[in-house]
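In full-length UniProt numbering, the protein residues as written are 1 to 246.
Below you can see the structure in the form of C-alpha cells.
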C-alpha cells in the first residue's frame with residue numbers, strides 16, 4: 001500500500017498547509033511549537049519508498065529461501081534487495097530523525113533502545129503506512145469499523161475518501177509509518193550477501209537484523225486536520241487586527 005500511503009500523506013500535508021495563519025498566531029508559544037512540530041512530522045512522513053518496501057519483500061523471501069535450502073534463490077533475492085535499497089537511497093523519501101524519536105511498535109507504548117546516541121540524527125527510509133485508532137481514543141466496534149473502512153479506501157486508491165471518512169465521523173486516527181535506518185539495513189543486507197555462500201545461517205541472521213530494525217512513527221490525523229480546535233484549548237492574546245500577512 002505504499003503508493004496509497006504516500007497519497008494520504010499528501011492529503012494530510014495539504015490539510016495542514018491550508019490552515020489560516022491567524023489560527024496559528026492565536027496559539028500560545030507552547031501550543032504553537034507543538035503545531036509546528038506536528039506539521040513538520042506530517043511533511044517527514046508524507047511519502048513512502050516503493051523501492052524500500054520492495055527491498056524488504058525481497059529479504060523476507062530470501063530468509064524463506066534459506067530456510068527451504070534454496071541458496072541460489074536466496075542469493076538472487078539478496079542481490080535484488082541490495083539493488084532496491086540502492087535505488088531507494090536516491091528516491092528522496094528518507095527523513096532525518098534520532099532513533100529515540102521513533103517507536104519500536106505501532107502502539108508506541110515504549111521507546112527503542114538504539115545503539116547510536118539518542119540525539120544522533122539518522123536517515124530513515126519509510127517503507128509502509130496504515131491507519132490505526134489513536135491510542136488515547138476509546139476503542140469501540142464502531143470506531144474500529146470506521147478505521148477499517150478508511151484503510152480499505154486507502155488500499156483501493158482513494159486516499160481523499162479515506163481522509164473524509166475519518167473527518168465526518170470524528171474518529172481520532174493515526175497514520176502510522178514503518179521506517180528503517182537506511183545505512184544500518186544496507187549494511188545488514190551487504191553482510192548477508194557476503195555470508196550466503198559460506199554460512200547461510202549467519203546470512204539469515206543478518207537479514208533478521210534488518211527486519212528487526214523497523215521502527216514506527218505516527219501522525220495524529222485529527223490533530224493535523226483541526227489545529228484551530230486544538231488552539232481553543234490553549235487560548236492566547238489575539239493577534240492585532242492590523243497585523244500584516246506573511
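Yeah, the Cβ is synthetic: ideal placement off N, Cα and C, and Gly gets one too. Computed from a predicted model, the values in this text were never measured in an experiment.
Quiz prompt | Opening and closing residue of the alpha helix (DSSP H) in which residue 135 lies | solution = Under the DSSP assignment, residue 135 falls outside any alpha helix (DSSP H); it carries neither an H nor an E label.
Exercise. Would you kindly check if the distance between the Cβ of residue 163 and the Cβ of residue 128 is under 7 Å?
Key: Judged by beta-carbon spacing, residue 163 lies beyond the 7 Å limit of residue 128, meaning their Cβ atoms are not closer than that value.
Quiz item: Any chance the region 47-63 sits against the region 124-142, with 3 or more Cβ pairs inside 8 Å?
Solution: Enough Cβ pairs lie closer than 8 Å, so yes.
Quiz item: When you compare only the Cα positions, how much space is there between residue 43 and residue 199?
Solution: Unreliable positioning characterises residue 43 in this predicted model, as indicated by a pLDDT of 41, which lies under 50. The coordinate reading is nonetheless provided below. Their backbone Cα atoms lie some 42 Å apart in a straight line.
Practice problem: Can you have a look at residue 56 and say buried or exposed, based on whether 16 or more other CB atoms are within 10 angstroms of its CB? | Solution: Residue 56 should be labelled buried.
Self-check item: Distance, residue 85 Cα to residue 184 Cα
Solution: When rounded, the distance between both Cα atoms is 11 Å.
Exercise. Just list the beta strand (DSSP E) runs in the region 144-192, keeping only unbroken ones of 3 residues or longer that don't cross its boundaries, in chain order.
Key: Runs of beta strand (DSSP E) with 3 or more residues, each lying fully within the region 144-192, are found at 173-181, listed in chain order.
Quiz item: Does the count of Cβ pairs from the region 87-96 and the region 61-68 closer than 8 Å reach three?
Solution: No, the region 87-96 is not in contact with the region 61-68.
Quiz item: Near residue 81, which residues of its chain fall below 6 Å by C-beta distance, leaving aside the five closest residues on each side in sequence?
Solution: If we look at residue 81 and ignore the five residues flanking it on each side, its Cβ neighbours are 55, 58, 59, 189.
Exercise. Could you name the residues of the same chain whose beta carbon sits closer than 8 Å to that of residue 77, not counting the 5 residues immediately before and after it, in chain order?
Key: Here the set comprises 58, 59, 61, 62, 65.
Quiz item: Shortest alpha-carbon distance to residue 165 belongs to which of 214, 136, 145, 182?
Solution: Closest option to residue 165, Cα to Cα, is 145.
Self-check item: Straight-line gap, residue 169 to residue 215 (C-alpha atoms, nearest Å)
Solution: Residue 169 and residue 215 have their alpha carbons spaced roughly 29 Å apart.
Exercise. Could you tell me how far apart the beta carbons of residue 174 and residue 105 are, in whole angstroms, since I believe they sit closer than 8 Å?
Key: Contact doesn't hold; Cβ gap of about 13 Å is too wide.
Quiz item: What do you reckon, are the CB atoms on residue 206 and residue 191 nearer than 7 Å?
Solution: In this structure, residue 191 lies closer than 7 Å to residue 206 by Cβ.
Self-check item: Range of the contiguous alpha helix (DSSP H) that encloses residue 99
Solution: Neither: residue 99 is in no alpha helix (DSSP H) and is coded neither H nor E.
Quiz prompt | residue 298 (DSSP reduced to helix, strand or coil) | solution = This structure does not reach residue 298, given that the chain is present from 1 up to 246, and the question cannot be answered.
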